[in-house]
Each structure stands twice: as C-alpha cells, then as structure tokens.
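Number of protein chains: 2
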Amino acid sequence: MIGVGLIGGSLARALRAAGAVDEVVGCGRGRPNLEQAVELGVIDRFSHDIAEAVQDADVVFLSVPLGAMAGAFAALRDHLPAHALITDGGSAKGSVVHDCREQAPELLARYIPGHPIAGTEHNGVSASFAELYQDRRVILTPLSENAPESVALVRQMWEACGAEVTEMSVEHHDEVLAATSHLPHMLAFGLVDMLARLKENDEIFRYAAGGFRDFTRIASSNPVMWRDICIANREALGPMLNAFAGEMNLLAERIHRGDGEALLEIFERAKAARDRFTDGMK
Amino acid sequence: MIGVGLIGGSLARALRAAGAVDEVVGCGRGRPNLEQAVELGVIDRFSHDIAEAVQDADVVFLSVPLGAMAGAFAALRDHLPAHALITDGGSAKGSVVHDCREQAPELLARYIPGHPIAGTEHNGVSASFAELYQDRRVILTPLSENAPESVALVRQMWEACGAEVTEMSVEHHDEVLAATSHLPHMLAFGLVDMLARLKENDEIFRYAAGGFRDFTRIASSNPVMWRDICIANREALGPMLNAFAGEMNLLAERIHRGDGEALLEIFERAKAARDRFTDGMK
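These protein sequence lines map, in sequence, to chains A and B.
Quick note on the numbering used here: the first sequence kicks off at 92 and runs consecutively.
Quick note on the numbering used here: the second sequence kicks off at 92 and runs consecutively.
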C-alpha cells in the first residue's frame, strides 16, 4: 500500500476482512499515520522507502496524490518483484498511465490502471473502513500491454471487497469522471470562492439554507488533491468547463429575455434526469 | 392563507401550535389539497375565491407562485378588510412589490414583503409541519409606505413560529438570495441538463457518486417555481450568472495552463469559507 489513507486503508481492511491477503505492507511519508495504521490493524508493518516496502509484494496499490504518481513509478522501476502487479486508485487515468510510460515503461505491462468510485469527506487511515467499496463501482482501464490474467487478478481483488467492477478506455474514464465528479467540484469550489470574495460575504453565507449546504459540501474537499486532479485531467476538464460557462451565459440570456418556456424546458429536463438518477441509486 | 402548500401550511400549523390564531381560512385552486388541509387541521375552512376567503382576515399570507402574485393582488384590491395586513413568502421581493404597486397601489402601505428561508424538497400541504420555521431565518423587506406597527405585527407572527426575523431592503434581499439560492439552483439545473443531453448520459449518471447526488439534489426542485423565480429576480440573477460563467472560463484557462498555484489558492479559499459556513450552522 503506497499511501495509507482512506482509500488504501479501506482497501487493506476490506481485503483482510475477505481473507484475501496474507501480509499488508504500508509505505508513506508520515510516521504517525503509518504507526496508527499498524495499531488499527490496517497494515502489518511499514517502510518509508518504496523499494523496501514492495520487495515481497504480489500486488502494489498506489494511492498517493496524482502529483506524486510519477515519483512512485520512478521508485518502483528497478525494485518491483518480477511477478508483481501494480494498480492504483487515482481519480484521473490518462496522467497516471503517462507517468508510468515516462518513468518506468518496462512496468507498463504490469500496471493495471483502476479507480474506485468511492470516498468520504474524511482523510487519513483513521477514516478508513472495510465496507467503503461494498456495492460501489470500480473502473479498470486496462492497457493493450496488460495480460488478461493480470486484469483478472485486479478485478478479483476489488470484487473481494464487494465492489462492482467495470472496464472502459482511459480516455473514456477521464471524460466520464470530468463530467460527474471533476466539473461539479469546480462549480462548488468556484461558487463558494466567488461568494467569499464578495465584500458582504459574511452576510451572504448567513442567509444560505440547507440547499446551499448540500450543494457546496464538495467544496470542503482537499484542495491539494483537487489541484492535482485538475491538472492531471486538464484535457477533459478544461473544455467541459468552457462548455458549462457557455451554457450559463445562454441561460442568463434566456433569463434576461424572460423566456419562461425555454427555462421551464431546461428545468424539467434536469429534474427528470435527476429523479431518474436518484431512482437508479435506490 | 392564499396558497396552502408546504410554506403556507407550515405557517398555519406553527401559528396554531403557538396559539397565535383563531381561525385559518385557506384559498387555492385545487379542491383535493384544500380538503386535505381541512382534514389535517391545517385550515378551518376554504374558498376558491380570494375575495370571499379574506373577508374576515386580519392577516393575509400570500404563498402562491411568483407568477401568480399579480393576480392575487388584483383580486385583493377591492376586497381586503380595512384593517388587514398582507405579507408573503415569495423567494424574490422586487417583483412582488412591483406586482402590488401595479395591481393594487392602495394596498402598498399594508403589504409587508417577507421571505422565510426554509423549505424542503417536498410540496403540498401533506408535507407541511409546524416546526419548519423553528430557528430558521425570515427576511422582511419593509417598504417606506409600511407603518412600523404593521412591520412589528408580521415580525411577531414569524417569531411566534420560532423564526429569527431580520430586515433588509428589497434590492439587497434579491441580491443575497440570487447569490445563495438562485445561482446555485441554476448551476445544479444547468449541470444536470448539460449531462442529460450528452449522448452517453445513462452511462455518465451510472458512475456518479454521492458527491454528485448532494450537489444536484436541488435540481429536483419544482421547475415551474424556478421558472418564476428566475424571471422575477432576473435583474440580480442574470448578471450573477454571467459573472460565474466568467469565473469558470478563467478557471478553465488556469487548468489549461496547469497553474497549480492559482488553483490551490482558489480551492483553499473556498474550503476555508465553506468550513466557516458549516461551523456557523452548528
């Protein structure tokens, strides 16, 4: 487990609960977090050195920030045991594949990119729990270099955690995630930031109600992680943000014109889609 | 109670619970809803005719859609008892004041505009409950024509329901609400609509997680009500939407440039403001 936080810690707990692992070795920078991970029984032991941590590994799971993936691949390059596989939990896939190709091209065949669609607003190993992936989706974006049995092993790992695994291309993953996760986060961060910069911002927040709280919850997410995601997925996210801005300008124009019919059509279509989505989650 | 739904029904229930009313008369178009309101003990009796409904009224509460306010003032014009006051629950105030001024200028002195910042995603009298306004804010936007004792009575009415009453100008109310409520609704409706129009929309929604659900909850709101709010508050909302679109284009540019420092600054400022806001709500 390179990175023992919510994502890696929960994976370790779930695999233990399923009886699917013998030993879990943690690797990270912060000693207190790693010590806590041992105390909590999430990992058996730890090292601050990637090469040392992976020396007996069958599977290496990378859950470091996207900005730290390149360094992790560089550290793995000459130290990954010959039979071991690598997979990860990064929220963008193109950039991680790129990092592997740049830093450790010989590992590409043994790197099976993955992304569990799960999380909470809490961070760190203390927030991890074995049920995080139960009935959640995990997307794998296998590379042409991957052997089918390697992909199957990673799939099996996630299924042991109760997840529903699907496969798609790297590019498609990054577009889908830009739409459903990265763009909404930008809107929430952008809205709260715009309001916070208004001079009467204290008063404005005072009159915000429950809808605003729900809407902006994701603006409490980790800023460093989101900086990394934005940059990692900039190809998909940038154009989507511009498209959304265009939609908002069009909406403003319709509001300005008082075009009730067009507004109603948008709101009804959105409500219908949202209600279908909620029904689908039940 | 002109309009006996969540807002009007909850007000009636709260006033009854506080022992602050003798008789509550409902007025509306749908007979089944009004009959249910009588059965639930929310109102004592009802009429479909505004003139008839208000003939013994001390206070008239308008909670009809913003698009129906003008008609309500026109109907009240020659039938409001001489001592009676009018107040309302409309989400925009400038348009309702405008409607009163146009349709019944002689009632302006007796119309005290108000807006309870409360609601749920449910509609109709069956969703009403006496505690809806407990510890919630109610904004009054008194007019220069209003007598202080009229404003005091409306304030007292809301305080009897457990609400915290504040006063501000009509224009300021409409700006604050555009920022904290109307703009977020536009973003949620706009996002869901944009995604729903993508050809692979079923798949996109399939990979949306909990954050998306929270973020888009308000896109399930009543489309007709929101069409009315947009048009009623177009002066404040339109420019704010354009400003937000500008922010998103700027953000896209920063993402495109990979300007991690600028991104981190935005996300940190937003997170700090959001966390302050949440602390303030505890």
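Every residue gets a Cβ at the ideal spot worked out from N, C-alpha and C, and that includes glycine.
Could you tell me which residues DSSP pairs with residue i in its beta bridges?
| i | result |
| --- | --- |
| residue 136/A | 116/A |
| residue 152/B | 178/B |
| residue 357/B | For residue 357/B, which the question treats as bridged, DSSP gives no partner whatsoever. |
| residue 93/B | 118/B, 153/B |
Interface residues of chain B around residue i at Cβ under 7 angstroms?
| i | result |
| --- | --- |
| residue 252/A | Here the premise fails: no neighbours, minimum Cβ distance about 16 angstroms. |
| residue 157/A | Those do not exist, as residue 157/A stays about 11 angstroms from chain B at its closest Cβ, beyond 7 angstroms. |
| residue 338/A | 281, 285 |
| residue 325/A | 346, 347, 349 |
| residue 368/A | 296, 299 |
| residue 208/A | 298, 300 |
| residue 329/A | 343, 346, 347 |
| residue 136/A | Within chain B, no residue comes near residue 136/A; the closest Cβ sits about 32 angstroms away, beyond 7 angstroms. |
Using a cut-off of 8 angstroms between C-beta atoms, extract the partners of residue i located in chain B.
| i | result |
| --- | --- |
| residue 271/A | 286, 295, 296, 298, 299, 300, 303 |
| residue 332/A | 339, 340, 342, 343, 346 |
| residue 318/A | 351, 354, 355, 358 |
Using the beta-carbon count (16 or more within 10 Å), is residue i buried or exposed?
| i | result |
| --- | --- |
| residue 149/A | exposed |
| residue 264/B | buried |
| residue 329/A | buried |
| residue 364/B | buried |
| residue 348/B | exposed |
| residue 184/B | buried |
| residue 104/A | buried |
| residue 284/A | buried |
| residue 290/B | exposed |
| residue 232/B | buried |
| residue 111/B | exposed |
| residue 266/B | buried |
| residue 204/A | buried |
| residue 270/A | buried |
| residue 38/A | No statement about residue 38/A is possible, as the shown extent of chain A runs from 92 to 373 and does not include it. |
| residue 130/B | exposed |
| residue 366/B | exposed |
| residue 120/B | exposed |
| residue 172/B | exposed |
| residue 240/B | exposed |
| residue 206/B | buried |
| residue 181/B | buried |
| residue 318/A | buried |
| residue 338/B | buried |
| residue 154/B | buried |
| residue 275/B | buried |
| residue 243/A | exposed |
| residue 211/B | exposed |
Name the chain A residues that come within less than 7 angstroms of residue i, Cβ to Cβ?
| i | result |
| --- | --- |
| residue 310/B | 361, 362, 365 |
| residue 249/B | The contacting residues do not exist; residue 249/B stays about 15 angstroms from chain A at best. |
| residue 314/B | 355, 358, 359, 362 |
| residue 256/B | Per Cβ cutoff of 7 angstroms: no residues; residue 256/B is ~12 angstroms from chain A at best. |
| residue 168/B | Correct list: empty, because the minimum Cβ distance to chain A is about 25 angstroms. |
| residue 164/B | Correct list: empty, because the minimum Cβ distance to chain A is about 19 angstroms. |
Starting from the beta carbon of residue i, find every residue of chain A whose beta carbon is closer than 9 angstroms, and list them in chain order.
| i | result |
| --- | --- |
| residue 277/B | 339, 342, 343, 346 |
| residue 321/B | 342, 345, 346, 349, 351, 354, 358 |
Give me the chain A residues within the contact set of residue i, using Cβ-Cβ distance strictly less than 8 angstroms, ordered along the chain.
| i | result |
| --- | --- |
| residue 274/B | 282 |
| residue 230/B | 298 |
Say the cut is 6 angstroms; is the CB of residue i nearer than that to a heavy atom of the ligand COA?
| i | result |
| --- | --- |
| residue 195/B | Although the ligand COA was asked about, the structure shown includes no ligands whatsoever. |
Assuming residue i and residue j form a contact by the criterion Cβ under 8 angstroms, report the distance between their Cβ atoms to the nearest whole angstrom.
| i | j | result |
| --- | --- | --- |
| residue 133/A | residue 95/A | 7 angstroms |
| residue 145/B | residue 167/B | 7 angstroms |
| residue 248/A | residue 332/A | At roughly 34 angstroms, the Cβ-Cβ gap does not stay under 8 angstroms, so residue 248/A and residue 332/A are not in contact. |
| residue 279/A | residue 323/A | Actually they do not touch by this definition, with Cβ atoms about 19 angstroms apart. |
| residue 138/A | residue 118/A | 6 angstroms |
| residue 48/B | residue 198/B | Limits of chain B in this structure are 92 at one end and 373 at the other, which puts residue 48/B out of reach. |
| residue 336/B | residue 336/A | 4 angstroms |
At 9 angstroms on the CB atoms, spell out the chain B contacts of residue i, in chain order.
| i | result |
| --- | --- |
| residue 151/A | Simply none; closest approach about 25 angstroms. |
Anything in chain E within Cβ reach of residue i, meaning under 7 angstroms, just list it in chain order.
| i | result |
| --- | --- |
| residue 307/B | No chain E appears in the structure shown, which is made up of the protein chains A and B. |
Taking only runs that begin and end inside the segment 201 to 277 of chain A, name each unbroken beta strand (DSSP E) of 3 or more residues, in chain order.
Positions of the beta strand (DSSP E) runs, each at least 3 residues long and wholly inside the segment 201 to 277 of chain A, are given as 205 to 207, 228 to 231, 255 to 258 in order along the chain.
What are the start and end residues of each continuous alpha helix (DSSP H) run of 4 or more residues lying completely inside the segment 307 to 333 of chain A, in chain order?
Secondary structure remark: continuous alpha helix (DSSP H) runs of at least 4 residues inside the segment 307 to 333 of chain A, in chain order: 314 to 323.
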